[in-house]
Amino acid sequence: MVKYILLCISIISCNYYIDPKLEEISNQKEKIILVDIDAESDEYMGERKKFRDSLIKMVDKIKKLRPSVIYLNNSFINSSGGEKEFAAELNRNMATISAFELNDSGEEINFTEDIKNQIGKTIKGRFYGRADNYGFTGINFPSIEIIKKSKAICSSKYYINDSNEVEFVYSLNRYKNYEFENCPFTVVNEYLISYGLKIALDKIEGKVALYSINNGKIKKIKNLNQIFEKKYNAIPIKFKTFRKFTGKEILEKKEIKIDPGYIYIINTLDIPVKVKYSKMISNSEVFGSMVYTLLDSITR
Numbered sequence: 297m298v299k300y301i302l303l304c305i306s307i308i309s310c311n312y313y314i315d316p317k318l319e320e321i322s323n324q325k326e327k328i329i330l331v332d333i334d335a336e337s338d339e340y341m342g343e344r345k346k347f348r349d350s351l352i353k354m355v356d357k358i359k360k361l362r363p364s365v366i367y368l369n370n371s372f373i374n375s376s377g378g379e380k381e382f383a384a385e386l387n388r389n390m391a392t393i394s395a396f397e398l399n400d401s402g403e404e405i406n407f408t409e410d411i412k413n414q415i416g417k418t419i420k421g422r423f424y425g426r427a428d429n430y431g432f433t434g435i436n437f438p439s440i441e442i443i444k445k446s447k448a449i450c451s452s453k454y455y456i457n458d459s460n461e462v463e464f465v466y467s468l469n470r471y472k473n474y475e476f477e478n479c480p481f482t483v484v485n486e487y488l489i490s491y492g493l494k495i496a497l498d499k500i501e502g503k504v505a506l507y508s509i510n511n512g513k514i515k516k517i518k519n520l521n522q523i524f525e526k527k528y529n530a531i532p533i534k535f536k537t538f539r540k541f542t543g544k545e546i547l548e549k550k551e552i553k554i555d556p557g558y559i560y561i562i563n564t565l566d567i568p569v570k571v572k573y574s575k576m577i578s579n580s581e582v583f584g585s586m587v588y589t590l591l592d593s594i595t596r
């Protein structure tokens, strides 16, 4: 009887502390801003080193707005030289999240032992233990200097359905005997750190779940809403529109008034993507909608 009472008290106490967090996340889940480097912005920012200098300037302006997370949809695999200096400047005062490249080239580029040692640390992923025949065949990483200075490095991929539409967000991408966290999950988990929460795939149940983190202890709270799609647990994307700037606008504006706490998605390759009902939207809107979907699913 005593054990039963203590269990009830424990559950009530846990819910008491979790519910206000979820309510706050629900109120903040639309605080996402997109920055598209469109053709005009790309020309304005210049090539190679000039582009990187412009990118640093842009990110510095965003940092002054006190964002919660800055994600750059760029893998920085085409070195322009000066990697150490670029990595230090880009991540000064607040480290950013960016991507590496998974493809079907059959090639490993810059997948060195130093970089493998970062998997499970800055590179969000793990050694899977067995090689799967349905993962990607090629991999390409930025320099070790960029990886070590970044907040996180993740794999950014979306998958199309039989109608060539992007419909779901998945938690993981696989390469040989490694699995890597999909970048929307990485961005959301960085946002959730201050709440003592995280989302991840429950390896036992095979479902994406919400967890609490307290003094290094991880406790499962609930499974997120999802469906079983082509042998994978997938979360249907809720497509939204977000406040948007171009890279040129950010660089040219003398004063930008935005409340603190936003998630910024800087999209360096602006391409159209087909979604539900054959509608075409920007890939930044797809990524932003994936992030929103995950935050929304946490609070339901």
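Going by our numbering, the sequence shown opens with residue 297, and the numbers climb by one from there.
For every residue, glycine included, the Cβ atom is placed at its ideal position computed from N, Cα and C.
None of these values were measured; they are calculated from a predicted model.
query	result
Any beta carbon from chain C within less than 9 Å of N387's own beta carbon?	You won't find chain C in this structure, because it holds only one protein chain.
Give a yes or no on contact between the segment 320-336 and the segment 528-543, applying the rule of three or more CB pairs nearer than 8 Å.	yes
So what does DSSP say about N323, is it helix, strand or coil?	helix
Looking only at C-alpha atoms, which of G557, F372, A448, N473 sits nearest to I358?	G557
Pick out the complete alpha helix (DSSP H) segments inside the segment 426-482, 4 residues or longer, and give them in chain order.	440-445
Measuring straight from C-alpha to C-alpha, what distance separates I419 and V483?	13 Å
Starting from the Cα of I546, find the closest Cα among E477, S490, Y560 and give me that residue.	Y560
Under DSSP, the beta strand (DSSP E) around I333 begins and ends at which residues?	Note, I333: premise wrong, no beta strand (DSSP E); not H, not E.
How is V365 classed by DSSP in three states: helix, strand or coil?	strand
Alpha carbon to alpha carbon, how far is G584 from K325? Give it in angstroms, no decimals.	11 Å
Can you tell me where the beta strand (DSSP E) holding I567 begins and where it ends?	Neither: I567 is in no beta strand (DSSP E) and is coded neither H nor E.
What does the Cβ neighbour count give for T564, buried or exposed, with the cut at 16 atoms within 10 Å?	buried
Mind checking R596: buried by the 16 CB within 10 Å criterion, or exposed?	exposed
Starting from L547, follow the beta strand (DSSP E) in both directions and report where the run begins and ends.	Taken as a continuous stretch (DSSP letters only), L547 belongs to no beta strand (DSSP E), being part of the alpha helix (DSSP H) at 543-548.
Which residue or residues does DSSP assign as beta-bridge partners of Y560?	I329, I366
What residue from Q414, E548, I577, V587 has the CA that sits closest to K445's CA?	Q414
Residues in its own chain within less than 7 Å of P480 by CB, not counting five upstream and five downstream?	V465, F583, M586, V587, L590
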